[in-house]
Structure formats: structure tokens, C-alpha cells
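J.:
Residue numbers (this note's numbering): 26 to 164.
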């Protein structure tokens with residue numbers, strides 16, 4: 026299965042493992058509850074996705090190449106953003122005012138990362154900004 030559209034949190038729990046491109050439409054996705062897929066290459070979260078108190082964490086998506094997060098997603102003062110162990114991830118795009126008040130941003134073991142676009146007013150109050158193992162991106 027190449028493409029899959031998630032319209033509710035219930036559907037997020039039943040994403041087939043064969044999905045290559047996943048789009049999460051605008052709804053309140055708590056704590057990145059979309060199940061990891063071994064073949065997922067593209068993950069898109071529409072504008073206004075995410076509960077205000079939710080942490081955002083993606084770890085071990087081995088085939089993920091593109092992450093796009095819309096505007097006004099995941100906004101809280103006590104939460105963290107963590108993206109790690111995605112060796113094929115090439116690009117990250119985050120829309121305006123997403124993760125605006127998050128305290129911590131961690132990017133770790135993203136050896137293929139070539140592009141990261143962070144729009145205005147994202148991570149405005151971040152106190153911890155950690156970049157580890159980003160391969161050639163920082164060279």
C-alpha cells in the first residue's frame with residue numbers, strides 16, 4: 026500500500042505496515058500515536074494537528090525520508106520534540122508557530138539529513154537545542 030490518510034486517532038492506531046506515504050489530517054494526535062511503519066517514507070501532519078500537551082517523538086523510522094509538519098501544531102510550554110534514529114531522513118519542514126513553546130528540541134542520528142526548514146515562531150522558548158549525529162548536514 027503506497028498512500029494512507031488518517032482522519033481520526035482511532036485510524037492512527039491501525040496504519041498498515043506497508044504504507045509508504047502517510048498524511049495525518051487535522052485532528053488532535055496525542056503523543057505521536059501513529060504506529061511506526063517499517064516502510065514509511067513520507068510523514069505529513071496537517072495544520073493544527075497535535076494536542077497542546079503532547080510530546081512529539083519519532084524514533085527508529087528506518088525508511089523515513091521526508092517529515093513535513095504543518096502550521097500551528099503541538100504548542101505547549103512543558104513538552105519536547107525528539108527525532109532520532111531515522112538514517113534515511115533527508116528533509117524536515119515545520120510550519121509557522123508549531124512547537125512554539127516547546128522546551129526541548131533534540132535531533133539525533135539523522136545521518137542523511139540535508140534540509141531543515143523551520144518557519145517563523147517555532148521553538149521560540151526552547152531552552153535545550155541538541156543536534157547529535159547529523160552526518161554531513163553540519164559540514
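Ideal Cβ positions, reconstructed from N, Cα and C, are used throughout, including at glycine.
Kindly indicate if chain C contains any beta-carbon less than 8 Å away from that of residue 86.
T.: Absence of chain C from the displayed structure is noted, only one protein chain being present.
J.: Does the region 94-107 come close enough to the region 118-130 to have 3 or more Cβ pairs within less than 8 Å?
T.: Verdict: yes, contact present.
J.: Exposed or buried, which one is residue 94 when buried takes at least 16 other CB atoms within 10 Å?
T.: Counting from one through the chain shown, the residue named residue 94 turns up at place 69. Counting Cβ neighbours within 10 Å, residue 94 comes out buried, since at least 16 surround it.
J.: Got a sec? Which residues, its chain only, sit under 6 Å from residue 141 by beta carbon, not counting five neighbours each side?
T.: As a working mapping, residue 141 is identified with position 116 in the chain shown. Here the set comprises 117.
J.: With a threshold of 6 Å on Cβ separation, who are the neighbours of residue 111 within its own chain once the five nearest residues in sequence on each side are excluded?
T.: For this step, residue 111 is matched to residue 86 along the chain shown. Taken in chain order, the residues that qualify are 86, 89 and 135.
J.: For residue 36, does the three-state DSSP call read helix, strand or coil?
T.: For this step, residue 36 is matched to residue 11 along the chain shown. The answer is helix: DSSP assigns residue 36 an H, G or I state.
J.: Could you tell me the distance, in whole angstroms, from the CA atom of residue 68 to the CA atom of residue 99?
T.: Taking the first residue of the chain shown as 1, we reach residue 68 at position 43. Taking the first residue of the chain shown as 1, we reach residue 99 at position 74. Near 16 Å, if we compare the C-alpha coordinates of residue 99 and residue 68.
J.: If we ignore side chains and look at the alpha-carbon of each, how far apart do residue 43 and residue 27 end up?
T.: For the purposes of this step, residue 43 is taken as the residue at position 18 of the chain shown. For the purposes of this step, residue 27 is taken as the residue at position 2 of the chain shown. Answer to the nearest angstrom: the Cα atoms are 7 Å apart.
J.: What does the alpha-carbon distance come out to for the pair residue 47 and residue 148?
T.: Here residue 47 is taken as the residue at index 22 of the chain shown, counted from 1. Here residue 148 is taken as the residue at index 123 of the chain shown, counted from 1. Looking at the two C-alpha atoms, the distance is approximately 24 Å.
J.: Could you tell me which residues DSSP puts in a beta bridge with residue 93?
T.: Reading the chain shown from its first residue, position 68 is the one you call residue 93. Paired residue(s): 69 and 118.
J.: Could you spell out the range, first to last residue, of the beta strand (DSSP E) harbouring residue 82?
T.: Along the chain shown, read from residue 1 onward, the residue named residue 82 stands at position 57. Taken as a continuous stretch (DSSP letters only), the beta strand (DSSP E) holding residue 82 covers 81-84.
J.: Going along the chain, which residues of its own chain have a beta-carbon closer than 6 Å to the beta-carbon of residue 152, five neighbours each way excluded?
T.: Position 127 of the chain shown, counted from the first residue, corresponds to residue 152. Cβ within range, chain order: 128.
J.: Since residue 146 and residue 122 should fall inside the 8 Å C-beta cutoff, what is the C-beta to C-beta distance between them, to a whole number of angstroms?
T.: Position 121 of the chain shown, counting from 1, holds the residue named residue 146. Position 97 of the chain shown, counting from 1, holds the residue named residue 122. About 5 Å separates the two Cβ atoms, so the contact holds.
J.: Which stretch, first to last residue, makes up the beta strand (DSSP E) that contains residue 139?
T.: Taking the chain shown and counting its residues from 1, the one referred to as residue 139 is at position 114. Neither: residue 139 is in no beta strand (DSSP E) and is coded neither H nor E.
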